[in-house]
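K.L.:
As given, the protein sequences belong to chains C, G and E, one line each in that order. For what it's worth, our numbering labels the leading residue of the first sequence as 76, then goes sequentially. For what it's worth, our numbering labels the leading residue of the second sequence as 76, then goes sequentially. For what it's worth, our numbering labels the leading residue of the third sequence as 76, then goes sequentially.
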Amino acid sequence: MVHQQQLRFSTAGRGTYEISDEIEQVIGASGINTGICQIFNHHTSSSLILCENADPAVRSDLETFMKKLAPDGDGMFRHIDEGPDDMPAHVRTVLTQSTLSIPVHNGRHTLGTWQGVYLWEHRTRPHKRSITVTVIGE
Amino acid sequence: MVHQQQLRFSTAGRGTYEISDEIEQVIGASGINTGICQIFNHHTSSSLILCENADPAVRSDLETFMKKLAPDGDGMFRHIDEGPDDMPAHVRTVLTQSTLSIPVHNGRHTLGTWQGVYLWEHRTRPHKRSITVTVIGE
Amino acid sequence: MVHQQQLRFSTAGRGTYEISDEIEQVIGASGINTGICQIFNHHTSSSLILCENADPAVRSDLETFMKKLAPDGDGMFRHIDEGPDDMPAHVRTVLTQSTLSIPVHNGRHTLGTWQGVYLWEHRTRPHKRSITVTVIGE
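(1) So within the segment 182-212 of chain C, which uninterrupted alpha helix (DSSP H) runs reach at least 4 residues, ignoring any that extend past its ends?
(2) Give me, in chain order, the residues of the same chain whose beta-carbon lies closer than 7 Å to that of residue 181 of chain C; leave out the 5 immediate sequence neighbours on both sides.
(3) Alpha carbon to alpha carbon, how far is residue 93 of chain E from residue 77 of chain G? Give it in angstroms, no decimals.
(4) Hey, would you say residue 121 of chain G sits closer than 8 Å to residue 174 of chain E, going by beta carbons?
(5) When the Cα of residue 228 of chain G is compared with those of G/153, G/102, G/135 and G/159, which residue comes out closest?
(6) Name the residues in the segment 161-180 of chain E whose C-beta lies less than 7 Å from a C-beta of chain C; which are they?
(7) In terms of alpha-carbon separation, which member of G/86, G/105, G/100 and G/116 lies closest to residue 207 of chain G?
(8) For residue 126 of chain G versus residue 133 of chain E, is the C-beta spacing smaller than 8 Å?
(9) Nearest to residue 214 of chain C by CA position, among C/200, C/209 and C/210, is which residue?
(10) With DSSP run on the structure shown, which of helix, strand or coil describes residue 178 of chain G?
(11) How would you write the range of the beta strand (DSSP E) that residue 111 of chain E sits in, first residue to last?
(12) In three-state DSSP terms, what is residue 119 of chain G?
(13) Taking the alpha carbon of residue 128 of chain C as the point to measure from, which residue in C/194, C/202, C/148 and C/183 has its own alpha carbon closest?
(14) Taking a contact to mean a Cβ-Cβ separation below 8 Å, would you say residue 113 of chain G touches residue 209 of chain G in this structure?
(15) Between which two residues does the beta strand (DSSP E) carrying residue 140 of chain E extend?
(16) Quick one: which residues of the segment 103-135 of chain G get their C-beta closer than 7 Å to a C-beta of chain C? List them in chain order.
(17) Taking the beta carbon of residue 156 of chain C as the centre, do at least 16 other beta carbons fall within 10 Å, making it buried, or is it exposed?
(18) First and last residue of the alpha helix (DSSP H) that includes residue 168 of chain G?
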């Protein structure tokens with residue numbers, strides 16, 4: 076059995092947005108009891124991560140880390156036409172995930188207690204992001 | 076056809092633990108000949124990697140690299156309540172994988188000759204880690 | 076329904092090679108309308124990424140970034156028998172992807188407009204690389 080659905084999100088600019096509930100709803104709608112749920116982000120300047128969802132400082136520390144690792148406006152980058160945050164956004168995307176798969180068990184996702192699915196917007200300005208969720212199983 | 080099984084591992088603290096044999100056993104138990112095997116780690120301070128399994132220096136070099144990239148106790152991190160290795164563990168997890176998929180062919184995994192599946196414990200103390208393996212195919 | 080096929084690529088050494096068309100051909104040959112397409116690279120010194128496919132400067136900037144992050148011949152590495160680019164190749168592989176999954180919709184991949192699948196060769200010399208593509212769905 077296969078169930079596929081497209082989700083759309085409006086981000087307010089750079090930052091992490093939890094989408095675990097939206098994913099759970101698609102799994103529920105699928106009617107699938109056991110299998111996998113694949114989450115795919117159709118963009119190259121935002122990405123997906125599985126991350127601790129208890130202390131918000133974890134995600135702000137991730138921003139701090141990435142800002143240091145791939146600084147906006149770094150002189151080593153040549154792809155700068157769309158702004159100082161453009162190439163760092165591509166770097167952050169390549170270092171994290173565009174596609175995630177999570178197991179489905181008893182008709183629900185099986186994320187750990189402190190594990191959330193996040194859309195990570197890497198551009199500083201707001202963007203519309205499109206994600207396809209595909210659930211396969213029986 | 077779908078086969079799903081949970082594996083539990085006790086780590087001795089930070090380091091890489093090969094779990095290729097355990098994955099192969101789940102694939103064998105599934106009775107599935109052709110398809111994919113999804114491996115999912117239910118934690119945000121340990122992760123999964125596919126890595127060379129011949130020279131152990133590769134994994135110790137990976138530790139050296141990560142220690143330099145996200146040093147324990149780095150003053151830039153604010154999420155420090157659980158110890159100096161806590162936030163670096165989240166960073167290492169986000170930069171590697173929580174979920175891996177490998178092809179199943181002729182009832183076996185198809186890892187390359189020098190390719191192993193590793194659970195990478197990022198916390199310095201021993202932990203119990205839970206992994207779900209889902210095999211889908213025919 | 077499951078369709079599985081092996082692809083072989085000859086790289087000219089370090090650099091990114093778009094393989095989106097080859098993936099699309101496998102999806103077409105599968106006869107599968109809705110599902111997922113899993114792409115698996117059987118090597119630990121080359122990897123897979125989803126990346127912008129418009130401006131080639133994006134990929135050359137990614138090389139620049141990785142060369143700085145994990146420099147060839149860095150004295151911190153002990154795994155050096157196969158050359159100065161060997162351990163950096165393993166690091167780059169672990170920080171990017173060995174396996175990617177993309178959704179299949181209406182018998183086609185659903186990559187974003189500017190999103191391409193790339194094989195990233197991390198060794199400086201030419202190599203032969205083997206990739207397994209598995210399409211599952213209905």
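Glycine is no exception: its CB is placed at the ideal position from the N, C-alpha and C atoms. Computed from a prediction, not measured in an experiment: that's the story for all the values here.
P.N.:
In short, the structure shows the following:
(1) The qualifying runs do not exist here; there are none.
(2) 108
(3) 32 Å
(4) no
(5) As displayed, chain G neither begins before 76 nor continues past 213, which places residue 228 of chain G out of reach and without an answer.
(6) 170, 171, 175, 176, 177, 178 and 180
(7) G/116
(8) no
(9) Past the edges of chain C, shown from 76 to 213, lies residue 214 of chain C, and the structure says nothing about it.
(10) strand
(11) 110-116
(12) Residue 119 of chain G sits in coil when the DSSP states are folded into three classes, being neither helix nor strand.
(13) C/194
(14) Yes, these two residues count as a Cβ contact at 8 Å.
(15) Segment 132-144 is the alpha helix (DSSP H) holding residue 140 of chain E; no beta strand (DSSP E) there.
(16) 113, 115, 117, 118 and 119
(17) exposed
(18) 161-170
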